[in-house]
Structures are given as structure tokens and as C-alpha cells.
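Below: the structure, in C-alpha cells.
Residue numbers (the numbering used here): 30 to 385.
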């Protein structure tokens, strides 16, 4: 059963306008309640994703605040799939439970999240930290300590056709004096080698995870792709680390549309979060510091025909507190009230000393 969200920030619609979707209540209800087939979770290496790059990338730009972001054109990604004998996904529907969750498109909430990150960058540094993202690609600048970026999506094709190409485009245009609103770049061996060399120089570790949230394992992702500091090459580890790994910043967008999946989303974010000290429970610290993990959740306030959204997330957090024994603190970082109302929320967890 498939349906369309109906309001995306796609190529011709990136002027900030939103349009409500039109789909039947029965279709929406089925999408929200049907148990999707189990999909395996896999960790992918940068080397394997680089092998998917085409000879050229077609791109367009989107402006968020003072940032101009290049991103691969949707038609270009789908054309590559067809040329390689794959069935194009997301053509007639934005969600097919258990198969596709809209990752090829740029959604309004993702752009809201970019705006919040731009504000964070003015006062807070996540250099040398561990970042987990779902649906938004971003590359932190250099720092003395390694920066670990875990890039996740439900579909492997989204990582290969959109996520990595967008990172390459961002690198290519990082030092450009001007970016055309649309165009193409050649994906040369020299560009790919320079991209990898830049990652090594800045000590940025990229790990890629495909599959559902509940399969996310930061230790396994990191063991799959490691940076060999001495050889300057990417190597594969045979045994994942048993050490618990916590994220410093978790980014997720458009993942609260299905009420039945919100509990899993919350549990995963909590499990990979480093809790704030228990003394902070009476007076939560500013959410955008790096003393503990901050989760930024970009969501529509309500998904018409589905439920979900902000109120479902709040209810899920309260229920998770009761079941887990942890306590959360949340605040609104950004609110968009025109058209389809949207929010970017920051969430933290507080726990007892010695737990985890």
C-alpha cells in the first residue's frame, strides 16, 4: 500500500510554498497500521558507495538562510537507477511501508533543520564529535579530534544516489566563488581522490547505515569503515568494537509521520545518547551545548490522514519515560506556522549516576 505525503520541496517547488497532500483515508490508515516486511540493516563502506558514482552529476541549489546548498537532482538519481537496470523508487508514491520512506526528495522539515544547524554553528562547535543523521547530509569542518559522521537512511539507494553525491557536491563547491543555480559537474578520479584526501586531512570519518532505525549500531558502522591514520587509506575491520558508543548530536527529519514507529525512534535516540548528569534534572542545561547528547527532530506538527507529528512525539516521550526510567527534556528550536505547521525540537535525556 503506497501513498504520497503531497508536500515536498522538490525542484520546481523550492520557493517555500507548501501544498497539502490528497490521498484517501483508507490508504493513509493502511500505511500507518500495516506491519511492513522486515528489512535487513547493513553498514556500507565509503569505498563501496564511491563505486556507484556516475561520470557526471546534475545538481540544483536550495537556499536556507545564508547558506546555498547544492544537491543532486531527483531526475538525475532516478535516471541512473534506470540505466543500471534498477526499478526507480519513489516515482508514484512518497512512502511504501517496508520499502521506501521518501529519502530521495528534499522535504521542508530538512530545510528547517539546516536553518537550525546554521544558528548552532554561530555559537556551538561539534568539531571532533560524533554525529548521527537520518535524511540530512552535512559535513562538519576540520578539528583536532576525529569527527565521526554516521549517515543513515532506510534505503541503500538513497545513500548511494543522493547522500554521497550531495557530500561530493558540497566538497566540490566549498571553495567556489560562485555556484550556478543549476548545472553539472564531472566526477573525475582527481575529484574523488581529493575528496577522500580532504576527509583524511580533516580527520572526518564517514559511516553509512541502511535499514530501519532499530538496526542502527554505531559500533558496527564504525568498524565497517575505519581511517588508517598511518597509511592514509580506508580499511575494513573484521570485528566490531564491543565498546558502547554514544552520539553527541542526532539529526532526524520527517520520521514522526507513523505513530506506530515513534516508540522505536525514541528508543533508538535514547540508546545512543549520552545522558546529562542527574543534577541537571531540576534545571536542564541549554540544549545546544555539547556536554550531553542533543537530538534535533524536525517534523510537521501533524501529518494529515496519518496522525503522528509533534503531539504524538510528546506522548511517545512521556510513555518512554515511564517504561525506561529515564527522563527527557525538550524545547522548540524553530517553529513555522504558515501553511503546514512545522517544528524543530531538541530532546535530551537525564539518568541516574552509574546507569548506562
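Backbone N, C-alpha and C fix where the C-beta goes; we use that ideal spot for every residue, glycine too.
Cβ neighbour criterion (16 or more within 10 Å) applied to residue i
{"i": "residue 237", "result": "buried"}
{"i": "residue 239", "result": "buried"}
{"i": "residue 329", "result": "buried"}
{"i": "residue 135", "result": "buried"}
{"i": "residue 288", "result": "buried"}
{"i": "residue 299", "result": "buried"}
{"i": "residue 215", "result": "exposed"}
{"i": "residue 283", "result": "buried"}
Reduced DSSP secondary structure (H/G/I, E/B, other) of residue i
{"i": "residue 141", "result": "helix"}
{"i": "residue 133", "result": "coil"}
{"i": "residue 340", "result": "helix"}
{"i": "residue 313", "result": "The predicted position of residue 313 is uncertain, since its pLDDT is 48 and thus under 50; no value can be drawn from it."}
{"i": "residue 203", "result": "coil"}
{"i": "residue 93", "result": "strand"}
{"i": "residue 282", "result": "strand"}
{"i": "residue 242", "result": "helix"}
{"i": "residue 370", "result": "coil"}
{"i": "residue 276", "result": "strand"}
{"i": "residue 194", "result": "helix"}
{"i": "residue 288", "result": "helix"}
{"i": "residue 296", "result": "helix"}
Distance between residue j and residue i (C-alpha atoms, nearest Å)
{"i": "residue 245", "j": "residue 276", "result": "12 angstroms"}
{"i": "residue 373", "j": "residue 366", "result": "12 angstroms"}
{"i": "residue 219", "j": "residue 225", "result": "10 angstroms"}
{"i": "residue 181", "j": "residue 333", "result": "26 angstroms"}
{"i": "residue 159", "j": "residue 325", "result": "14 angstroms"}
{"i": "residue 341", "j": "residue 359", "result": "14 angstroms"}
{"i": "residue 314", "j": "residue 362", "result": "Confidence is the limiting factor: at residue 314 the pLDDT is only 46, short of 50, which leaves the residue's position unreliable and the question unanswerable from this model."}
{"i": "residue 199", "j": "residue 337", "result": "32 angstroms"}
{"i": "residue 323", "j": "residue 208", "result": "32 angstroms"}
{"i": "residue 344", "j": "residue 321", "result": "23 angstroms"}
{"i": "residue 206", "j": "residue 232", "result": "25 angstroms"}
Strand pairing of residue i, partner residues [DSSP]
{"i": "residue 73", "result": "237"}
{"i": "residue 212", "result": "88"}
{"i": "residue 156", "result": "Per DSSP, none; premise fails for residue 156."}
{"i": "residue 79", "result": "None; residue 79 has no bridge partner."}
> Taking three-plus beta-carbon pairs below 8 angstroms as touching, is the stretch 186-201 in contact with the stretch 86-104?
Replying inline: yes
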